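J.:
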Amino acid sequence: MAKSALIANQGLCCWIILAIVLVSQSRFSEGKPVRQNTLKPSDLTKCQNISRSLVNVVAETLSNLQQEFAEEFRCTFDNISVEDVTNKEVNTVTACLPKVYPENSVCQKMNRTALDETTCLKAIHADLKAFNKELQDLSPSLNDVMKELMKALKVQNKKDEDTKTSPCSTFECKYKKCGAMLAFRLRSVTIARVLNYLKEENTKDQNRKKQ
Numbered sequence: 001m002a003k004s005a006l007i008a009n010q011g012l013c014c015w016i017i018l019a020i021v022l023v024s025q026s027r028f029s030e031g032k033p034v035r036q037n038t039l040k041p042s043d044l045t046k047c048q049n050i051s052r053s054l055v056n057v058v059a060e061t062l063s064n065l066q067q068e069f070a071e072e073f074r075c076t077f078d079n080i081s082v083e084d085v086t087n088k089e090v091n092t093v094t095a096c097l098p099k100v101y102p103e104n105s106v107c108q109k110m111n112r113t114a115l116d117e118t119t120c121l122k123a124i125h126a127d128l129k130a131f132n133k134e135l136q137d138l139s140p141s142l143n144d145v146m147k148e149l150m151k152a153l154k155v156q157n158k159k160d161e162d163t164k165t166s167p168c169s170t171f172e173c174k175y176k177k178c179g180a181m182l183a184f185r186l187r188s189v190t191i192a193r194v195l196n197y198l199k200e201e202n203t204k205d206q207n208r209k210k211q
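In the working numbering, the protein residues as written are 1 to 211.
1) Specify the secondary structure class of Val155 as computed by DSSP and reduced to three states.
2) Hey, how far is the Cα of Leu182 from the Cα of Pro41?
3) Mind checking whether Val145 and Ser53 have CB atoms under 8 Å apart?
4) Near Leu153, what residues of its chain come up, given a Cβ to Cβ distance below 7 Å and the 5 sequence neighbours on each side ignored?
5) Thinking just about the alpha-carbon of each residue, which of Glu71, Ile50, Cys75 and Asn49 is nearest to the one in Thr61?
6) Quick one: Cα of Arg187 to Cα of Thr92, how far?
7) Determine the extent of the alpha helix (DSSP H) in which Gln48 is found, giving its start and end residues.
8) Closest by CA to Glu172, which one among Gln67, Ile80, Thr45 and Asp43?
9) Have a look at Ile50, Glu83, Phe73 and Asn49 and flag the residue whose alpha-carbon is nearest the alpha-carbon of Phe131.
10) Measuring only the C-alpha atoms, how far is Glu201 from Arg193?
11) Looking at Leu128: is its Cβ nearer than 8 Å to the Cβ of Leu149?
12) Given this structure, state the Cα-to-Cα distance separating Gln136 from Asp78, to the nearest angstrom.
13) Specify the secondary structure class of Arg74 as computed by DSSP and reduced to three states.
14) Looking at Val58 and Phe184, is the spacing between their C-beta atoms short of 8 Å?
15) How about Val85 and Glu134: do their beta carbons lie closer than 8 Å?
16) Can you give me the C-alpha to C-alpha distance between Thr190 and Thr118, rounded to a whole angstrom?
17) Hey, could you find the ends of the alpha helix (DSSP H) Ile119 is sitting in?
18) Under 8 Å by Cβ, that's how I've got Lys174 and Glu72 pegged, so tell me the actual separation to the nearest angstrom.
19) To the nearest angstrom, how far is the alpha carbon of Arg208 from that of Lys147?
20) Does Leu198 pass the burial test, meaning 16 or more other C-beta atoms within 10 Å, or should it be called exposed?
21) Under 8 Å between the Cβ atoms of Leu138 and Leu39?
If you want it as structure tokens, here you go:
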């Protein structure tokens, strides 16, 4: 229980930091980098809209999962260890945050190095691919919206292979699936906020060019 609460608090802390950075990033004038847009404005708008749908579908899927598993255990952040299926690889949280220090702190202090848009979009795609592999059997609508966003990101990558997974039948499988779903609930909100930030910055860039 204590371990689960610690993991959840760490995830929440980093999510709060990310939200603060995305809000404050546009206010930094000193050392503000020149971003190379990797997606057209229309593409970013499309990604932003899909990410909003993703957040809603994830919330609905998690609610259904909680009802399905209710007789065996409570699928909540207070009771289940969050299962980050990205295996500590580069992901949205690490790639779409400015560089940080010190390495081992939970809520790390941040400098003013802005995010690399290309790396960030690739990380979002990698996150979606990893979570889709784990969660695709939970809901057709969840599977569809995840793949739709992956396609809209237009990340140059090897062809994504469809790896079919079977529905859970054991307690261990259900527990792991719940943990992954809770992790993706947080990650989907982060992805939506990042894409919203990139869309707003792109709009500002376009307006500056017109002046």
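All residues carry an ideal CB built from backbone N, CA and C; glycine is no exception.
From a predicted model like this one, the values you see are computed outputs, not experimental measurements.
T.: Short version:
1) Judged by DSSP in its simplified three-state form, Val155 adopts coil rather than helix or strand.
2) Straight-line Cα distance between these residues: approximately 31 Å.
3) Cβ distance < 8 Å, so Val145 and Ser53 count as in contact.
4) Result list for Leu153: Cys47, Leu121, Ile124 and His125, in chain order.
5) It is Cys75.
6) Their Cα atoms are separated by approximately 8 Å.
7) DSSP places Gln48 inside the alpha helix (DSSP H), whose first and last residues are Pro41 to Glu68.
8) Closest in C-alpha terms to Glu172, from the list Gln67, Ile80, Thr45 and Asp43, comes Ile80.
9) Put simply, of Ile50, Glu83, Phe73 and Asn49 the residue whose alpha carbon is nearest the alpha carbon of Phe131 is Glu83.
10) Going from the Cα of Glu201 to the Cα of Arg193 covers about 12 Å.
11) Yes, these two residues count as a Cβ contact at 8 Å.
12) Distance between the alpha carbons of Gln136 and Asp78: 24 Å.
13) Reduced to three states, the DSSP call for Arg74 is coil.
14) Using a Cβ distance threshold of 8 Å, Phe184 and Val58 count as a contacting pair.
15) Using a Cβ distance threshold of 8 Å, Val85 and Glu134 count as a contacting pair.
16) Looking at the two C-alpha atoms, the distance is approximately 17 Å.
17) The residue you asked about is not Ile; residue 119 is Thr in the sequence shown. For Thr119, the enclosing alpha helix (DSSP H) covers residues Glu117 to Leu135.
18) Taking the Cβ atoms as the reference, Lys174 lies roughly 7 Å from Glu72, within the contact range of under 8 Å.
19) Their Cα atoms are separated by approximately 33 Å.
20) Burial is judged here by how many other beta carbons sit within 10 angstroms of a residue's own beta carbon; Leu198 has at least 16 and is buried.
21) No, these two residues do not count as a Cβ contact at 8 Å.
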